[in-house]
Amino acid sequence: MSNQKGKPLLTNREREVFELLVQDRTTKEIAQQLFISEKTVRNHISNVMQCICKKGDKHMEWLG
130 MSNQKGKPLL TNREREVFEL LVQDRTTKEI AQQLFISEKT VRNHISNVMQ
180 CICKKGDKHM EWLG
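Start counting the sequence shown at 130; every next residue gets the next number (the working numbering).
Structure, rendered in structure tokens:
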């Protein structure tokens, strides 16, 4: 899924983090699996939530 300018709404890493998050993985588990820090995981989650929560935008389509 991409925006009107053709830019993906989420980076590949944000998508990976989100997919693990919806599998009920903890921040620590996601960080260990992706070899990144827990702070980076939290940043990615924040970016994903901002994308999902934009008022007036119809970006929920990528969730399926």
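C-beta: ideal position from N, C-alpha, C; glycine also.
Asked                                                                                                                                  : Found
With a 10 Å radius around its C-beta and 16 neighbouring C-beta atoms as the bar for buried, classify valine 151 as buried or exposed. : exposed
Nearest-angstrom Cα distance between histidine 173 and leucine 163?                                                                    : 12 angstroms
Skipping 5 residues on each side, what residues in its chain have a beta carbon closer than 6 angstroms to that of arginine 144?       : none
Going by beta-carbon coordinates alone, are valine 177 and leucine 139 separated by less than 8 angstroms?                             : yes
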